[in-house]
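The listed protein sequences correspond, in order, to chains E and H. According to the numbering used here, the first sequence holds residues 1 to 894 in order. According to the numbering used here, the second sequence holds residues 895 to 1006 in order.
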Amino acid sequence: MPPIDAGAPSKLDPCAVVAPPGMGWCQEWTDLVDAAIRDWLASLSGDEQHGFVVVALGSFARRELCPASDIDLLLLHDDWGDSDLEALVQAVCYPLWDAGLTVGHAVRTPREAVRSAAERVDTATALTDRRLVTGDPGLLDELAIRVTRWLRRNGGRMLADLATLDAERHARSGDAAGMLEPDLKDGVGGLRDLHSLRWAGACVLGEVGLDPLVGARYLGATDRQELARAGETLLQARCALHLVTGCGGVRGTRKDWLRLDLQDEVAAVLEMSGGDDLLRRVGLAIRTITHLHGRTWPILLADARGGRRRRHPPPEVLSDGVRLVDGLVEVDAERTLATDPSVGLRAVAAAAIRGTHVGRTTAVRLRREVQQLGSIEWDEAGREALLTALRQGWRGSGALVDADSIGLQMALLPGWERIRGLPQRNPLHRYDLDTHGLRAVHELVAIAEGTLDPAHCQIWAGLAGQGTGGRPPTSQGAGGRPPTSQGAGGRPPTSQGAGGSFPNGQDTVLLGTWLHDVGKGLPGDHSVAGEAVARGWVAHMGFDAGVVRRVGQLVRHHLLLPDVATRRDLDDDGEILAVARQVGDIETLDGLYLLSLADSRATGPAAWSPWKDGLLAKLYSRVRHVLIDDMDALRRERSVSTVVVNAHALLGADFRGLDALLEALPPRYLLVASPEQVAEHARLLLPLPSPGALRVRHRLGPAEGTATVTVVAGDRRGLMAACAGVLAAHGLGVLDARLFTRADGVALDWFVVRASDLANWDRVCAELRQAAAGKLDVAAAVAKREQRRDQQPPPLAAPIPVEVAIEPSQPGASHPRAPRADRTRIEVRAPDAPGVLYRLARALTDAGLDVLGARVDTLGPQVHDVFYVCGEPPPDLERLIRDACAVDQTLSGG
Amino acid sequence: MKLVIAIVKPFKVDDVKESLREVGVAGLTVSDSRGFGRQRGHTEVYRGAEYQVDFVPKSRIEVMCDDEQVGGVIDAIVKAARTGKIGDGKIAVLPLEEVVRIRTGEHGPDAL
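Structural data, given as structure tokens:
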């Protein structure tokens, strides 16, 4: 082969593309790369191009190159020598590398190419998408023949490998559907899922693409159009994302992650109204792909295993007009939504029970009918079907996505489109609004099965006995036949069947959980707005007034328990009574408790922890005592004399001085401390420490992942802040703090902290002692911690504001066990940083206030601190608090 | 003072050593290492999977020198190590806070 004279290779730059982000941009960039490669090889005349071909693979072949896309090439030859091949590679690849592009190249003969495809499924899929860039078309044809032959023999195996690869990818990248920071390429419902459908078509039909799947009736024509639209939306977003992050400035596996802090900028590039608009469109596109991918793949796998002409199992009649056909639920052709309004929901419920999908024929037809009708009436069968579908938990998630795709929710509930795909763009939530509602229901069902605590099964079972109607159900499950499984987790139905009424307390909690956040996006408090919306919808569904009222209550108060549990003093009977008054009855309390647990789990990992679960359980138990009018039980649990007696028993007869110790402590100590704590503190207190000395003890905390640090010292102003600072400097985030000063000036403080496996407890204790003696620069230690790279806050879409609420003390409060009479409650929301609690405590101390207690709740990048203080707040207290919270927040920076 | 670190192809170590001697570098340290760059460790005529990333054997050369020598050291390494093919390697220059000759206790530039 003569030497290739590429001259000075033309410089490639994706920033030279002028088309707007999307398919047009990708095609223009692909054309530029094609032209450059042809230009570099232009010195080869026609005959000399015989025997090699530059083949584009993957997205390069599909002409979908995004700014940060890899350029995947196959240099195909018919047994050239290595020196000639080297020259070819240098002419093609070196300019691409020098342009800063990521190139995946391989040099093979057609036989070698097919052999490589047999070894790795990603090589095989790349090969199914191939395109000639320049060179000998005959050689490419030879490759095509070999690939076709290979696919014919190995399509089934490749499909199975592809399914495994999909599952692994989904597990790595997370469930993109409804996610607020989706991975546009590799997440569930991302571009890769779209590609895998195309490749699956190649495996089963021998032809890559979506059109063959339509021809073979795996997809409908409208499915094809929707996939094309969804794909274009994701490609636009991906393209714009790469442009925003600097034409490939972000590399590696995170380059397709649509981060919260980048969404507004990406939306601006796409000329959308903002990040919400972008996320909604992307979210709905991902939903479309998820739905069609999930519905189509099982049939493709079955056909690959048994052949397209395989014997299908005989259809099974499930109910009136609903059948199971080859594993999918179908509705008889003569059943329409116009004449049988509940048939769509009955099909969804049947699919949910079996953990399968609504079949393509039915889905396409019902979608068309929904569009024609606009709205659908409710009847008894429809209500039962809805609740049956919700009751299946995670198993029914696919069927409920089908319902959304068909448009059932929008037709059944006027105004549903407002919340469909509505983003909740904050670091706390992971999913959009209606996805979050469904996931909360799924979590509720799992909780009702006892996955967290067996006691929850009893609470759930108790709700079954609560009903508003007492009528037996008109049918069991979806459509008249006993389903194969029903109720939470496949156990015998608790709400239907022998003696059950419909709807009952479980049903109202399911509805309340599903609809708990529907007020978001409306002006004002979303709980209040949501109550009105939920009541309207439940009434529209045709449920009776009792159900409407109860669901409304659940929606209205769904934040009550978590807010009080994490921000109020649960040892204050006044707080417990206030909650009991708002809740009103046991059924509502039980429902709110389970809803709160489900909501926090469905929100995201930042929203729950064993510590919070413990607080919620404590609040629930205490309110329950009040509501069942068992104040005696509450009093027994909280009786001061009982605590003292039990503490004596724990310390043993030889221990002297407990009574004298307790006498010197404030009365509220015995309202708060357990007998075990009293005994521990007594051992720590005696003999009393000298001024400046500090004793410290640490042990496992009250919840998993926590530790309790107890400190006894001669009290001095700022001790609490100093202790909080030392703990923060060691990465031990304070969750709860209780502070008591004896009449003789000795302080007894305990801190519940997030435990860390890396904590050097000896050093922590030593530094606490130094801090108490005034020998440690706590501020410097905290600052050093905050400067650590791993403590830097993630980039944010917008700065977090500081909010301060000061609730003055309530003199003259009548309840003897209401310590609020003598203290001020200060609530602060601020950006999280390791030293926030330390700075706030110091500010309060400097303002002349005594800190009696603190509760800390961290929600993503925001901290929510509550302090109880004693003393006269100065007039500029709010300003002092705001100054203490001021941190240098990192804004979005890509 | 600076620490110059060069990652080069193993067969180029002798050439680099000679080139550095010519510019007055009296001492250097060599160790074996392996790595890859944006070519994913692939040679020109690569027949494997496009997405695979392979480690390639390399040699790591470290030279301590005065600030004034850095330019000459870099030029010497580039001249000797360059083949013009992928995998030629990279050079990094780091500030050096202190150097001590263990035998005599000299420190700073006197220890170079």
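All residues carry an ideal CB built from backbone N, CA and C; glycine is no exception.
Excluding five sequence neighbours on each side, which residues of the same chain lie with their C-beta closer than 6 angstroms to the C-beta of residue 731(E)? Residue numbering aside, residue 731(E) sits at position 731 when the first sequence is read from its first letter. Its chain contains 756 as the residues whose beta carbon lies nearer than 6 angstroms to that of residue 731(E), once the 5 sequence neighbours on both sides are disregarded; these appear in chain order.
Run through the segment 386-424 of chain E for me and flag every whole alpha helix (DSSP H) of 4 or more residues, listed as ranges in chain order. You should have 397-406 and 408-412.
Starting from the Cα of residue 704(E), find the closest Cα among 297(E), 145(E) and 610(E) and give me that residue. By 1-based counting over the first sequence, the position of residue 704(E) is 704. Comparing C-alpha distances from residue 704(E) to each of 297(E), 145(E) and 610(E) shows the shortest one belongs to 610(E).
Candidates 224(E), 152(E) and 173(E): closest to residue 205(E) by CA position: Along the first sequence, read from residue 1 onward, the residue named residue 205(E) stands at position 205. Of the candidates 224(E), 152(E) and 173(E), 152(E) places its Cα closest to the Cα of residue 205(E).
So which residues of chain H does residue 97(E) contact, with C-beta pairs closer than 8 angstroms? For the purposes of this step, residue 97(E) is taken as the residue at position 97 of the first sequence. Under the 8 angstroms cutoff, chain H gives 932, 933 and 980.
Distance, residue 403(E) Cα to residue 336(E) Cα: Numbered from its first residue, the first sequence carries residue 336(E) at position 336. Numbered from its first residue, the first sequence carries residue 403(E) at position 403. Computed Cα separation, rounded: 15 angstroms.
Short-range partners of chain H found in the segment 121-153 of chain E, where Cβ spacing is below 8 angstroms: Those residues of the segment 121-153 of chain E that come within reach of chain H (Cβ to Cβ, closer than 8 angstroms) are 122, 123 and 126.
Given a cut-off of 8 angstroms, decide if residue 948(H) and residue 935(H) are closer than it, judged by their beta-carbon atoms. Looking up residue 935(H) in the second sequence gives position 41. Looking up residue 948(H) in the second sequence gives position 54. Residue 935(H) places its beta carbon less than 8 angstroms from that of residue 948(H).
What does DSSP give as the partner residues of residue 431(E) in its beta bridges? Reading the first sequence from its first residue, position 431 is the one you call residue 431(E). Residue pairing from DSSP places residue 431(E) in a beta bridge opposite 179(E).
For residue 134(E), which beta-bridge partners are listed by DSSP? On the first sequence, residue 134(E) is found 134 positions in, with the first residue counted as 1. For residue 134(E), DSSP records a beta bridge to 54(E).
What do you get for residue 903(H), buried or exposed, if any count of 16 or more other CB atoms within 10 angstroms of its CB means buried? If you number the second sequence from 1, residue 903(H) lands on position 9. Residue 903(H) should be labelled buried.
From residue 208(E) to residue 375(E), what does the alpha carbon distance come to, in whole angstroms? One-based indexing of the first sequence puts residue 208(E) at position 208. One-based indexing of the first sequence puts residue 375(E) at position 375. One C-alpha to the other measures close to 39 angstroms.
Work out the CA separation of residue 119(E) and residue 78(E) for me, nearest whole Å. For this step, residue 78(E) is matched to residue 78 along the first sequence. For this step, residue 119(E) is matched to residue 119 along the first sequence. Those two C-alpha atoms are separated by around 21 angstroms.
Reduced DSSP category for residue 42(E) - H, G, I as helix; E, B as strand; rest coil: The sequence position of residue 42(E) within the first sequence is 42, counting from 1. DSSP places residue 42(E) in the coil class of the three-state scheme, outside both helix and strand.
In this structure, does DSSP put residue 925(H) in helix, strand or coil? Within the second sequence, numbered from 1, the residue matching residue 925(H) stands at position 31. Per DSSP, reduced to three states, the secondary structure at residue 925(H) is strand.
Do you know how far the Cα of residue 283(E) is from the Cα of residue 866(E)? Indexing the first sequence from 1 puts residue 866(E) at position 866. Indexing the first sequence from 1 puts residue 283(E) at position 283. Their backbone Cα atoms lie some 36 angstroms apart in a straight line.
Among 83(E), 81(E) and 97(E), which has the Cα closest to the Cα of residue 73(E)? The residue given as residue 73(E) occupies position 73 in the first sequence. Proximity to residue 73(E) across 83(E), 81(E) and 97(E) peaks at 97(E), based on C-alpha coordinates.
What do you reckon, is the C-beta of residue 787(E) under 7 angstroms from a heavy atom of the ligand ADP? Within the structure as shown, the ligand ADP is missing, as the structure has no ligands at all.
By the 10 Å Cβ neighbour count, where 16 or more other Cβ atoms means buried, how is residue 760(E) classified, buried or exposed? Along the first sequence, read from residue 1 onward, the residue named residue 760(E) stands at position 760. An exposed status is given to residue 760(E), since fewer than 16 other beta-carbon atoms sit within 10 Å of its beta-carbon.
Take residue 430(E) as the anchor and find which of 130(E), 112(E), 182(E) and 758(E) has the nearest alpha-carbon. Taking the first sequence and counting its residues from 1, the one referred to as residue 430(E) is at position 430. Nearest option by C-alpha distance: 182(E).
Which residues in chain H sit within 8 angstroms of residue 108(E), going by Cβ to Cβ distance? For the purposes of this step, residue 108(E) is identified with residue 108 of the first sequence, where counting begins at 1. Ordered by position in chain H, the residues that pass the 8 angstroms Cβ test against residue 108(E) are 941.
For residue 858(E), which of helix, strand or coil comes out of DSSP? Here residue 858(E) corresponds to residue number 858 of the first sequence, with the count starting at 1. Collapsing the DSSP output to three states places residue 858(E) in a strand.
By how many angstroms is the C-alpha of residue 86(E) removed from the C-alpha of residue 939(H)? Counting from 1 along the second sequence, the entry for residue 939(H) is found at position 45. Counting from 1 along the first sequence, the entry for residue 86(E) is found at position 86. Their Cα atoms are separated by approximately 6 angstroms.
Out of 557(E), 535(E) and 874(E), state which residue places its alpha-carbon closest to the alpha-carbon of residue 527(E). Within the first sequence, residue 527(E) is the residue found at index 527, counting from 1. That would be 557(E), whose Cα lies nearest to the Cα of residue 527(E).
How far does the alpha helix (DSSP H) with residue 726(E) in it extend, from its first residue to its last? By 1-based counting over the first sequence, the position of residue 726(E) is 726. Where residue 726(E) is concerned, the enclosing alpha helix (DSSP H) stretches over 719-729.
For residue 242(E), would you say it is in contact with chain H, using Cβ-to-Cβ distances shorter than 8 angstroms as the test? Along the first sequence, one-based indexing puts residue 242(E) at 242. At a cut-off of 8 angstroms between beta-carbon atoms, residue 242(E) makes no contact with chain H.
What do you reckon, are the CB atoms on residue 767(E) and residue 776(E) nearer than 8 angstroms? Reading the first sequence from its first residue, position 767 is the one you call residue 767(E). Reading the first sequence from its first residue, position 776 is the one you call residue 776(E). The answer is yes: Cβ separation under 8 angstroms.
Those runs of the beta strand (DSSP E) which lie wholly inside the segment 293-342 of chain E and span at least 3 residues: Within the segment 293-342 of chain E, the complete beta strand (DSSP E) runs of at least 3 residues are 316-319, 322-325 and 328-331.
For residue 362(E), which of helix, strand or coil comes out of DSSP? Locating residue 362(E) in the first sequence gives position 362, where the first residue counts as 1. DSSP places residue 362(E) in helix when its eight states are reduced to three.
Within chain H, partners of residue 64(E) - CB distance below 9 angstroms: As a position in the first sequence, residue 64(E) is number 64, starting the count at 1. None at all; the shortest Cβ gap to chain H is about 17 angstroms.
Within this structure, are the beta carbons of residue 516(E) and residue 619(E) separated by less than 8 angstroms? Looking up residue 516(E) in the first sequence gives position 516. Looking up residue 619(E) in the first sequence gives position 619. When the beta-carbon positions are compared, residue 516(E) and residue 619(E) stay at least 8 angstroms from each other.
Excluding the 5 residues flanking residue 140(E) on each side, which residues of the same chain have their C-beta closer than 6 angstroms to its C-beta? Taking the first sequence and counting its residues from 1, the one referred to as residue 140(E) is at position 140. Within the same chain, residue 140(E) has close Cβ partners 53 and 132.
Would a check of beta-carbon distances place residue 866(H) closer than 8 angstroms to chain E? Nothing can be reported for residue 866(H): it is not among the residues displayed for chain H, which extend from 895 to 1006.
Sufficient close CB pairs (3 or more, under 8 angstroms) joining the segment 381-396 of chain E to the segment 435-444 of chain E: Verdict: yes, contact present.
Taking DSSP as the reference, what is the three-state secondary structure of residue 906(E)? No statement about residue 906(E) is possible, as the shown extent of chain E runs from 1 to 894 and does not include it.
Neighbouring residues, chain H, relative to residue 82(E) (Cβ below 8 angstroms): By one-based count along the first sequence, residue 82(E) stands at place 82. Correct list: 939.
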